[in-house]
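Engineer: Counting from 960, one number per residue, gives the positions in the sequence shown under the working numbering. Ideal Cβ placement from N, Cα and C applies to all residues, glycine included. Sharing a structure below in structure tokens format, with a few things to ask.
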Amino acid sequence: MPLQLTQLSAGTMRGDLLPIRLGPVQLLRIRLDRPLLARGEKDPRRQIVCLDLIPPAEAHPSRSHGLVLPATALCGLASHGEIHLCVPAGAELALVAIDRQAFQQWCFKLGCEGLDARSLQRNWLRLDACRFDDLRVFLRRLFTLAESGNGPGSQGVGGAADLPTSLVVNDLMPLLIEALVHGADRSSTLLRPPARIELVKQFQRWMDLHPGQPISLADLCQVAFVSRRSLIQGFRDHLGMGPMQYVKLQRLHSARRSLLRSDPCEVTVTEVAADHGFLNAGHFARDYQKLFGERPSATLRQGQVKVHA
């Protein structure tokens, strides 16, 4: 699943990723110390389930498509559409990705063959506290087992830990499918996403198509056919910042990806900055270092190592 990730606050991001493979099921634990926006298209071949591993009483809420998720929510469920998830600083998420054909077979074996068509058209479901905690605690134990290296699994391909598939057949899938079935019965209590999130998404798609075009706030309002107040309020509601600040963040991330792909023998920092709409190289270098904790020239040298590796 190719994702576009945007760090939403300045400073060097610290965190870790812990992947686990359980036959046709892949797990990923994500821990971050900075807020992050994840955007991208979903893979229809996989059933995705995402939840917070931090106890609900201690967790800060995430936003899925503009909606502040309940503390006991499962999200990312719909097989179609896009990912649009804002994750707070200090988050610890579990991502479960299941081969869709295998998921449907498990549903059939457990007597829930209508689950996929009946309830997983929604992108999120709210669980009762007990079922959510059972699933959350079980996943935490799996990650602890993989992290400790003391379990029966071994290090698998690509650094993912391999654990016995019996954990999927006997424990994880029955627990997960039961949670989804009962969550579907509570789905009517979930609120619709706020209207302004579509305005934010519309502008984000425009930015994807015009990565280096100079633009002002007045230009943005013309692009989105909205008032200045509506545009500013939409971004503050959903991303915690104004639209022009988001433009700068997004283009700094895009410039970083370009620097990491480039050879310093062929391009300069000034050229990359200009390609992404930064006409003042000094201001670009200052803002870049504030966000990522290193100068753009240092990032370009990292790109040289990868190009010639």
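On a CA-only basis, which of Ser1256, Cys1045, Arg1254, Asp1058 is nearest Arg1195? Give me that one, please.
Structural biologist: Ranking the options by Cα distance to Arg1195, first place goes to Cys1045.
Engineer: Along the alpha helix (DSSP H) that carries Glu1106, what are the first and last residues, could you check?
Structural biologist: Taken as a continuous stretch (DSSP letters only), the alpha helix (DSSP H) holding Glu1106 covers 1088 to 1107.
Engineer: Here's the rule: buried if 16 or more other CB atoms are within 10 angstroms of the residue's CB, otherwise exposed. What is Arg1005?
Structural biologist: Buried is the call here.
Engineer: When you measure from the CB of Pro1029 to every non-hydrogen atom of the ligand FMN, does any distance come out below 6 angstroms?
Structural biologist: Among the ligands in the structure shown, none appear at all, so the ligand FMN cannot be discussed.
Engineer: Ignoring anything shorter than 4 residues or poking outside the stretch 1002 to 1087, list the alpha helix (DSSP H) runs there in chain order.
Structural biologist: As far as the stretch 1002 to 1087 is concerned, its whole alpha helix (DSSP H) runs of at least 4 residues are 1059 to 1068, 1074 to 1078.
Engineer: On the DSSP letters alone, give me the boundaries of the beta strand (DSSP E) that Ala997 sits inside.
Structural biologist: Where Ala997 is concerned, the enclosing beta strand (DSSP E) stretches over 995 to 1000.
Engineer: Judging by CA-CA distance, which residue of Arg1216, Glu1253, Cys1224, Arg1254 is the nearest neighbour of Thr965?
Structural biologist: Cα-wise, what sits closest to Thr965 is Arg1216.
Engineer: How long is the line joining the alpha carbons of Cys1224 and Ala1233, rounded to whole angstroms?
Structural biologist: Distance between the alpha carbons of Cys1224 and Ala1233: 17 angstroms.
Engineer: Among Lys1207, Leu1238, Gln1080, whose alpha-carbon lies nearest the alpha-carbon of Gly1035?
Structural biologist: Checked all of Lys1207, Leu1238, Gln1080; the closest Cα to Gly1035 is Gln1080.
Engineer: Work out the CA separation of Thr1258 and Thr1227 for me, nearest whole Å.
Structural biologist: Cα-Cα distance, rounded: 11 angstroms.
Engineer: Go ahead and pull the three-state DSSP assignment for Thr1258.
Structural biologist: Correct three-state label for Thr1258: helix.
Engineer: Output yes or no for whether 7 angstroms exceeds the beta carbon distance between Pro1202 and Leu1190.
Structural biologist: Yes.
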